[in-house]
Structure formats: C-alpha cells, structure tokens
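Numbering (the working numbering), first residue to last: 6 to 177. Notes to accompany the following structure.
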C-alpha cells in the first residue's frame, strides 16, 4: 500500500521537506519517517470543518442535518488537532488564515491564493470560439455545484438576455 511506499522512501533518502495536500491525506503523516527531521508542510485548499459547517447551515432540518452537525464538530476537532503536527500551513485565503488563528492555531500560516497570473500567462493566439464561456471544475465537490447553480440561476440569464448567442460549456 501507499503507506509502506512512503515509509520506504522517507527511510531511504533525506528530504528537506514533506508536503501533504488536503486534510484527507492526514493519515499518511504517520507513514513519514520523522527521524530525518523533515519540515512538514500541509496545503489546505479548504478548511474542511468550515466547508461542512456551510453544508450543515444550508440544510433543512432532518436527521441528515443532525448527522452533518456532528460530523462538522468532529472534523473541526480532528483537523485542528492534526494541524499542530505541521511546521507550515498553506491556505488559499486570508479568511482561512483568520479562521485558523481564531481557533488557536499558532503555526506559520502562509496564504497562497488560487488564481492565475494573467500578466505572465497569456491565451494562445489563434482561432477560438467567440462568445463562449467555459466552466471547468470537479462537480462532485459541493462548492463547485453551488457555484455553477448560482451562475446558471443568477448570471447566465442576464448574459443570454444581453446576447442570445453566448454559449456555456460545463466540464467536470
């Protein structure tokens, strides 16, 4: 399994740092041979306890909502506990950094926002479909579902009213 491969790699060779992406990879932290003194870095694309809280807050009252409430509380406790084992935490927003600070996370927290440097990355020159929008995202992720549904309900009708030739491609 992957955990054995991680143990092997971190036993055989010295690395300066080990970086883990996402909360869901926390279990592999125990597979890293820490005797070599690695700097441990976690990149959190989301704070899962915040994401679960948002889902909970938007649910109608039901047993599922009660379950989500309990899950969110457990995730918060787990996530904040494991973060103490890292030397650096990378988050995508100042809001996430503030949430961690508000929950007494004292580690070095670095904000590296999502996005594209549009000054250094330019679109390819050539033919492209005019009046076309492209939404690329994983649609099994609730915030992406919410985002595209909001766009379709709120923004897209205004765009179509302005120009009926606009096309939208949803890829995910």
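Every residue gets a Cβ at the ideal spot worked out from N, C-alpha and C, and that includes glycine. Since the model is a prediction, treat every value here as computed from it, not as a measurement.
Can you list, in chain order, the stretches of the alpha helix (DSSP H) that have 4 or more residues and sit fully within the region 51-134? Taken in chain order, the whole alpha helix (DSSP H) runs of length 4 or more contained in the region 51-134 are 53-62, 68-88, 99-107.
Identified DSSP bridge partners for residue 146: Residue 146 pairs with nothing; no bridge assigned.
I'd like to check one pair, residue 60 with residue 73: are the Cβ atoms closer than 8 Å? Result yes, Cβ atoms of residue 73 and residue 60 sit closer than 8 Å.
On the premise that residue 136 lies in contact with residue 172, defined as a C-beta separation below 8 Å, what is that separation, rounded to the nearest angstrom? Cβ-Cβ separation between residue 172 and residue 136: approximately 6 Å, consistent with a contact (criterion under 8 Å).
Can you grab the Cα-Cα spacing for the pair residue 26 / residue 123, in whole Å? Each residue's Cα considered, the two are about 25 Å apart.
When DSSP labels each residue in this structure, what does residue 171 get in the three-state scheme? Residue 171 falls in the coil class under three-state DSSP.
Beta-carbon separation (whole angstroms), residue 84 vs residue 52, contact threshold 8 Å: At roughly 7 Å, the Cβ-Cβ gap stays under 8 Å, so residue 84 and residue 52 are in contact.
Reduced DSSP category for residue 37 - H, G, I as helix; E, B as strand; rest coil: In the structure shown, residue 37 sits in coil (DSSP, three-state: anything other than H, G, I, E or B).
Residue 44 and residue 22 closer than 8 Å at C-beta: In terms of Cβ geometry, residue 44 and residue 22 form a close pair [threshold 8 Å].
Please report how far the alpha carbon of residue 18 lies from the alpha carbon of residue 113, in whole angstroms. Whole-angstrom Cα-Cα distance: 26 Å.
Rounded Cβ spacing between residue 176 and residue 138 (contact assumed at less than 8 Å): The pair is not a contact, with the Cβ atoms about 11 Å apart (cut-off 8 Å).
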